[in-house]
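Chemist:
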Amino acid sequence: MIDWLLHPLTYAFMERGLLAAVMVGVLCSVIGCYVVLRSMAFLGDAMAHAILPGIAIAYLLKGNLTIGALAAAVVVALGIGAFSKHGTIKEDTAISIMFTAALALGIALISTIRTYAVDLSHILFGNVLGVSPNDLWLTAILGVVILVITLICYKPFLVIAFDPLLASTLRLPVQFLRNLLLVLLALTIVTSMQTVGVGLVAAMLVTPGATAYLLTKRLPAMMGLAAILGALASLVGLYISYYMNIASGSTIVLTATLFFMLAYLFSPRKGVLKNWGKK
Amino acid sequence: MNEQPARIDIDHLTVLYDGVPAIENLSLQIPEGTRVAVVGPNGAGKSTLFKALVGELPIHSGYVSIHCQPLGTHQDCVAYVPQREEIDWHFPVTVQDVVMMGRYGRLGWLHRTSDQDRQVVARCIEQIDISNLAQHSISDLSGGQQQRVFLARALAQEPHILLLDEPFNGVDAPTQEAIFALLDDLKKQAVTVMVSIHDLNQAMQYFDYAILLNKSLIAYGPPKQVFSSRNIRAAFADKVMVVDGTAITDDCCPPSTNKVRRKR
Numbered sequence: 001m002i003d004w005l006l007h008p009l010t011y012a013f014m015e016r017g018l019l020a021a022v023m024v025g026v027l028c029s030v031i032g033c034y035v036v037l038r039s040m041a042f043l044g045d046a047m048a049h050a051i052l053p054g055i056a057i058a059y060l061l062k063g064n065l066t067i068g069a070l071a072a073a074v075v076v077a078l079g080i081g082a083f084s085k086h087g088t089i090k091e092d093t094a095i096s097i098m099f100t101a102a103l104a105l106g107i108a109l110i111s112t113i114r115t116y117a118v119d120l121s122h123i124l125f126g127n128v129l130g131v132s133p134n135d136l137w138l139t140a141i142l143g144v145v146i147l148v149i150t151l152i153c154y155k156p157f158l159v160i161a162f163d164p165l166l167a168s169t170l171r172l173p174v175q176f177l178r179n180l181l182l183v184l185l186a187l188t189i190v191t192s193m194q195t196v197g198v199g200l201v202a203a204m205l206v207t208p209g210a211t212a213y214l215l216t217k218r219l220p221a222m223m224g225l226a227a228i229l230g231a232l233a234s235l236v237g238l239y240i241s242y243y244m245n246i247a248s249g250s251t252i253v254l255t256a257t258l259f260f261m262l263a264y265l266f267s268p269r270k271g272v273l274k275n276w277g278k279k
Numbered sequence: 001m002n003e004q005p006a007r008i009d010i011d012h013l014t015v016l017y018d019g020v021p022a023i024e025n026l027s028l029q030i031p032e033g034t035r036v037a038v039v040g041p042n043g044a045g046k047s048t049l050f051k052a053l054v055g056e057l058p059i060h061s062g063y064v065s066i067h068c069q070p071l072g073t074h075q076d077c078v079a080y081v082p083q084r085e086e087i088d089w090h091f092p093v094t095v096q097d098v099v100m101m102g103r104y105g106r107l108g109w110l111h112r113t114s115d116q117d118r119q120v121v122a123r124c125i126e127q128i129d130i131s132n133l134a135q136h137s138i139s140d141l142s143g144g145q146q147q148r149v150f151l152a153r154a155l156a157q158e159p160h161i162l163l164l165d166e167p168f169n170g171v172d173a174p175t176q177e178a179i180f181a182l183l184d185d186l187k188k189q190a191v192t193v194m195v196s197i198h199d200l201n202q203a204m205q206y207f208d209y210a211i212l213l214n215k216s217l218i219a220y221g222p223p224k225q226v227f228s229s230r231n232i233r234a235a236f237a238d239k240v241m242v243v244d245g246t247a248i249t250d251d252c253c254p255p256s257t258n259k260v261r262r263k264r
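Chain order of the listed sequences is S and B.
All letters in the first sequence, in the order written, are residues 1 to 279 by the numbering used here.
All letters in the second sequence, in the order written, are residues 1 to 264 by the numbering used here.
1) I want to know whether the stretch 202-221 of chain S touches the stretch 246-264 of chain S - three or more CB-CB distances under 8 Å.
2) Between the alpha carbons of LEU109(S) and ARG16(S), how many angstroms are there, rounded?
3) For the beta strand (DSSP E) that GLY269(B) lies in, which residues bound it at each end?
4) Along the chain, where does the beta strand (DSSP E) containing HIS60(B) start, and where does it finish?
5) So is LYS46(B) in contact with chain S if we call contact Cβ pairs under 9 Å?
6) Is the beta carbon of VAL253(S) less than 9 Å from the beta carbon of MET204(S)?
7) Please report the distance separating the alpha-carbon of SER65(B) from that of ALA237(B).
8) Where DSSP assigns a beta bridge to ARG171(S), which residues make up the other side?
9) Just to make sure I have the definition right: I need the residues of chain B whose C-beta is within less than 7 Å of the C-beta of ASP3(S). Which are they?
10) Going by Cα to Cα distance, which pick from GLY45(B), VAL99(B) and LEU13(B) is closest to PRO70(B)?
11) For PRO223(B) and PRO31(B), what's the separation of their Cα atoms in angstroms?
12) By how many angstroms is the C-alpha of LEU212(B) removed from the C-alpha of PHE99(S)?
13) By how many angstroms is the C-alpha of ASP140(B) removed from the C-alpha of SER248(S)?
14) Grab the span of the beta strand (DSSP E) containing THR266(B) for me, first residue to last.
15) Could you check if LEU61(S) is buried or exposed, using at least 16 other CB atoms within 10 Å of its CB as the buried criterion?
16) Using three-state DSSP, classify ILE55(S) as helix, strand or coil.
17) Against chain S, does PRO167(B) count as a neighbour if the rule is that its beta carbon must be under 9 Å from one of theirs?
18) Applying the 10 Å Cβ sphere with the 16-neighbour rule, what's the burial state of LEU176(S)?
19) So for VAL98(B), helix, strand or coil by DSSP?
20) What does LEU110(B) reach in chain S if we use C-beta pairs closer than 9 Å?
21) Could you check whether the Cβ of GLY55(B) sits closer than 9 Å to any Cβ belonging to chain S?
22) Are there 16 or more other CB atoms within 10 angstroms of the CB of ARG269(S), so buried, or fewer, so exposed?
23) By a C-beta neighbour count over all protein chains shown, 10 Å radius and 16 as the cutoff for buried, is GLY108(B) buried or exposed?
24) Given VAL226(B), which residues of its chain have a CB within under 7 Å of its CB, disregarding the five upstream and five downstream residues?
25) For LYS274(S), count the other beta carbons within 10 Å of its own beta carbon; 16 or more makes it buried, fewer makes it exposed. Which is it?
26) Closer than 6 Å by C-beta to ILE179(B): which residues in its own chain qualify, once you throw out the five before and the five after it? Chain order, please.
27) Just to confirm my understanding: we take LEU225(S), look at its own chain, exclude 5 residues before and 5 after, and list those with CB closer than 7 Å. What are they?
28) Our contact map puts ILE23(B) next to VAL36(B) with C-beta atoms below 8 Å; I'd like the distance itself, whole angstroms only.
29) Would you call the CB atoms of VAL76(S) and ALA58(S) closer than 9 Å?
30) Would SER114(B) be called buried (16 or more neighbouring beta carbons within 10 Å of its own) or exposed?
31) Any C-beta of chain B within less than 8 Å: which residues of the stretch 96-123 of chain S qualify?
32) Express the C-alpha separation of ALA161(S) and LYS263(B) in angstroms, rounding to a whole number.
33) Mind listing the chain C neighbours of LYS155(S)? Cutoff is C-beta to C-beta under 7 Å, in chain order.
34) If you measure from the beta carbon of PHE91(B) to each beta carbon in chain S, is any gap under 9 Å?
35) Could you check where the beta strand (DSSP E) with LEU141(B) kicks off and where it finishes?
36) Can we say the stretch 174-190 of chain S touches the stretch 118-132 of chain B, given the rule of at least three CB pairs closer than 8 Å?
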């Protein structure tokens, strides 16, 4: 058993992949709690697709892919923030238009690259075994920055999620906080690009958070449990991927989904079976 | 906390809701420490008025001053208790967490709560008689208990002006009594309280002034003068019936289509 667990770690790329996957699992799950509570799941998904052109342009210019994605993500985050403020068309329509257009532009740019099928699949579904030491450092630094800001702003974020009206009453800088949360979400998505890819990142944002939501009654506990579940799903998913030779992004997401299904059925407070037993 | 008396001065106020005027050309002055009932049919602009006073809706034209200063100068002197339907009651917070939110306007940039904040929160929870619920999840509460939690949170803001939006809708009799007892306490502390209310008898009995509103001001003054059948008819139009000099309005249970739910 121990051999079974340790064997993958004899490869440096596997060790880096595991570290990156766990860090991303924790990060996505913590930010994901706000995504779940503010019903921003669709927005997160849209944002993930919308960074594709940024990556493509960086690739074509032979620049750093992560920096290209970062730039695109921040532009998209603030763009969506501005869109939803004016409300001339419905927010979900605006988001759909923007993210499908960005996705199309991204694919158009990537299709000009000769090896595009491989590159595209890495971006869409992650390439956790291709994590370089530099990638790992960037993930770690971004992750720490995002988590520290999230901790410091825990209370104002809680208010804008729970009762935006109170936030204005208290004269908190509501628009600034909203944009900050969107930027943190964008940064999180960029860091998870390599492990689960832009196609599946929405699952990592939403699923551990939703699982923890079913099992806890306070936000700090929800965030803590989501982080543990996210890390665990990444770890288990990667081992399954290694031994069964399946794409890692999908095994990680499917493991997280399994956790969710268990909580959905068996949660002591909100589980389906509990209510079913009452009838 | 009340060294400055609360005085609201509203001058030709117009507020838009979804681009349409919800309040038009409203002018009135509310003296310090009074208790004011805000009455009018659904869509008369009662909530809009409150939301403009707390800075949630922008003022389109006109002027509002509090303590002779423009709105927003005093950062935390107005507290607002929203209608209960506007809140997601499945949010993972406890009663104590919600009441503590009333203190968030005073936190420093690291957002740490102080011992004083915790004392105020404990006192407000005590005052509104929900100490036994402090650690409960808000999803476990009854309607009356939910209303009390929001009252406690508003108290924790230590406001000079308290706005209550339909606090008596769907709450039990003990909670109604608790709200009136609280209003008496606040009166002693010279806190100005504005309450939107459907029950004209309650408005008549418990309030110093009444504002009769239907987008623009119909009447403002002592309730007995304001609730003349002529004024009531002007405000409620055909939704009112006058029997033996008593006005009856059928307006306590608004149809759901009238409610614009806030997007989150």
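Glycine included, each C-beta is placed from N, C-alpha and C at the ideal position.
Note that the structure is predicted; figures quoted are calculated from it, not measured.
Modeler: Based on what the coordinates show:
1) yes
2) 30 Å
3) The question about residue 269(B) has no answer, for chain B in this structure spans 1 to 264.
4) 59-66
5) no
6) yes
7) 31 Å
8) ARG171(S) pairs with nothing; no bridge assigned.
9) Under the 7 Å cutoff, chain B gives no residues; its nearest Cβ is about 41 Å from ASP3(S).
10) LEU13(B)
11) 15 Å
12) 48 Å
13) 40 Å
14) The first residue shown for chain B is 1 and the last is 264, placing residue 266(B) beyond what the model contains.
15) exposed
16) helix
17) no
18) Per the sequence shown, the amino acid found at residue 176(S) is Phe instead of Leu. Flag for PHE176(S) reads exposed.
19) helix
20) ILE152
21) yes
22) exposed
23) exposed
24) ALA210, LEU212, ALA219 and TYR220
25) exposed
26) PRO167
27) ALA212, LEU215 and THR216
28) Not a contact, Cβ separation roughly 15 Å.
29) no
30) exposed
31) none
32) In this predicted model, LYS263(B) has a pLDDT of only 38, less than 50, meaning its place in the structure is not dependable; the value taken from the coordinates is given anyway. Each residue's alpha carbon lies about 11 Å from the other.
33) Here chain C cannot be found, since the structure's protein chains are S and B.
34) yes
35) Note, LEU141(B): premise wrong, no beta strand (DSSP E); not H, not E.
36) no
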